[in-house]
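**Student:** For reference, the structure I am asking about is given below.
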Ligand code: CAA
């Protein structure tokens, strides 16, 4: 039974994230979006606040908080700038989580600690030019070498790709075993033959960096295998279950930001001799937007709560991402409509919300993949 009780700690984290987003993130958000500049200083400050390793144990440099705290912070930061949100989400959910769950103590000391403190940040490399939704079809190969593995291939759409220091890379170590022959490798950026490409010129989340990565005869020693040989696909899928909660919270934040901007604007803009908020046509939009944001919020908090309760959260995470990303797109569109012509120009916030929202329906599993995940879990429940 889902019961939600925010503690004083949750409220404090939400307030800290809200203040941080307003004071440190908002002032440069429009400019960074235009120029596509990575928020280096902001990410450094997020590390100091403990936002880069929120769920990692203090033993390894993290904040030791629960998933609910994480989504509260993600929501507030993404409500101001989803580019900053995704840097945080990938580091927390896809990189730190896998390392804390599967790494040896020596690996945690070497790789997890600097990521959890925010000294450096990480990237997660599963997608390839021909393996996006169909993630089992890894073409990147790892062949046995002396004391380690030699990797060749290409990774695509890698968030934090040009700026990260530590990468979790999936590669096929035994093709005959299909997904059970995929292994996860920890690779530092300065490894010879590991070559992040140029930053993609994206529609949205423009101040985060996304790129392809070429691997040419990249030697990875045995002590940089994460988990067991052949366990990489399991690590990737489990990481993505949590990642989907993070992206759902990012989408929720975008929806909240767009809705709040529209609400405020509706009280300021006058038409027909009164604020447009007094017109029923606008009231209906505001009411619809608020209701969808609230529905998405409950789904996202519920998924985080299920993770915190150590319940099976695969379906809840996929449902939260499916609903929150759809909500982000529809609420951002309506926010533009409420702003009229002003919503269509870059000086106002809301067009960025729409551009940023769209990716939440694509990365960390498209909406179509979320439907598959949900349906499979439903069928398992009745089997
Ligand atoms: N959680 C845990 N395990 C899962 C899982 C889940 N959600 N989904 C599948 N698995 C396991 C299955 O149990 C199975 O394991 P076993 O055979 O050992 O029992 C294995 O994975 C293969 O599953 P299927 O046989 O069902 O494989 P499939 O090919 O039919 O479907 C899929 C797999 C669900 C479609 C999967 O490929 C998938 O999730 N695709 C989407 C990939 C994705 O989200 N990519 C995003 C990349 S990250 C990113 O976006 C970039 C970034 O930087 C932010």
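Numbering (the numbering used here), first residue to last: 4 to 386.
Note that CB positions come from ideal geometry on N, CA and C, so glycine has one too.
Kindly indicate which residue of 47, 247, 194, 116 has the alpha-carbon position closest to the one of residue 73.
**Tutor:** Translated into positions along the chain shown, residue 73 becomes position 70. Comparing alpha carbon positions, the residue from 47, 247, 194, 116 closest to residue 73 is 247.
**Student:** With H, G and I counted as helix, E and B as strand and the rest as coil, what does DSSP make of residue 208?
**Tutor:** Reading the chain shown from its first residue, position 205 is the one you call residue 208. Coil.
**Student:** Could you compute how far the alpha carbon of residue 333 sits from the alpha carbon of residue 161?
**Tutor:** Within the chain shown, numbered from 1, the residue matching residue 333 stands at position 330. Within the chain shown, numbered from 1, the residue matching residue 161 stands at position 158. Roughly 26 Å between the two C-alpha positions.
**Student:** Given residue 280, which residues of its chain have a CB within under 6 Å of its CB, disregarding the five upstream and five downstream residues?
**Tutor:** In the chain shown, residue 280 corresponds to position 277, counting from 1. Correct list, in chain order: 269, 270.
**Student:** Please return the same chain residues whose Cβ sits closer than 8 Å to the Cβ of residue 12, not counting the five positions on each side in sequence.
**Tutor:** Position 9 of the chain shown, counting from 1, holds the residue named residue 12. Excluding positions up to five away in sequence, the list reads 68, 72.
**Student:** With DSSP as the reference, identify every bridge partner of residue 161, one or two as the case may be.
**Tutor:** What you label residue 161 is simply residue 158 of the chain shown in a count that begins at 1. BP columns for residue 161 point to 214.
**Student:** Below 6 Å CB to CB, which residues in the same chain sit around residue 24 once its five sequence neighbours on both sides are set aside?
**Tutor:** Numbered from its first residue, the chain shown carries residue 24 at position 21. Cβ within range, chain order: 79, 80, 83.
**Student:** Exposed or buried, residue 122, counting other C-beta atoms within 10 Å across all chains shown (16 or more means buried)?
**Tutor:** For this step, residue 122 is matched to residue 119 along the chain shown. Label assigned to residue 122: exposed.
**Student:** Per DSSP, residue 99 is paired with what?
**Tutor:** The residue you call residue 99 lines up with position 96 of the chain shown. For residue 99, which the question treats as bridged, DSSP gives no partner whatsoever.
**Student:** Per DSSP, what kind of secondary structure is residue 175 in: helix, strand or coil?
**Tutor:** Reading the chain shown from its first residue, position 172 is the one you call residue 175. Residue 175: strand per DSSP, three-state reduction.
**Student:** What's the gap between the Cα of residue 372 and the Cα of residue 288?
**Tutor:** Residue numbering aside, residue 372 sits at position 369 when the chain shown is read from its first letter. Residue numbering aside, residue 288 sits at position 285 when the chain shown is read from its first letter. For residue 372 and residue 288, the distance between alpha carbons rounds to 30 Å.
**Student:** Across the segment 36-45 and the segment 92-110, are there enough close Cβ pairs to call them in contact, namely three or more that are closer than 8 Å?
**Tutor:** Taking a cut-off of 8 Å on C-beta distances, the segment 36-45 does not touch the segment 92-110, as fewer than three cross pairs fall below it.
**Student:** Would residue 261 and residue 292 be called neighbours here (beta carbons separated by less than 9 Å)?
**Tutor:** Reading the chain shown from its first residue, position 258 is the one you call residue 261. Reading the chain shown from its first residue, position 289 is the one you call residue 292. Closer than 9 Å, so yes.
**Student:** Between the C-alpha atoms of residue 256 and residue 330, what's the straight-line distance to the nearest angstrom?
**Tutor:** On the chain shown, residue 256 is found 253 positions in, with the first residue counted as 1. On the chain shown, residue 330 is found 327 positions in, with the first residue counted as 1. Rounded to the nearest angstrom, the two C-alpha atoms are 10 Å apart.
**Student:** Alpha carbon to alpha carbon, what distance is there between residue 275 and residue 166?
**Tutor:** Here residue 166 refers to the residue found at position 163 when the chain shown is read from its first residue. Here residue 275 refers to the residue found at position 272 when the chain shown is read from its first residue. Computed Cα separation, rounded: 50 Å.
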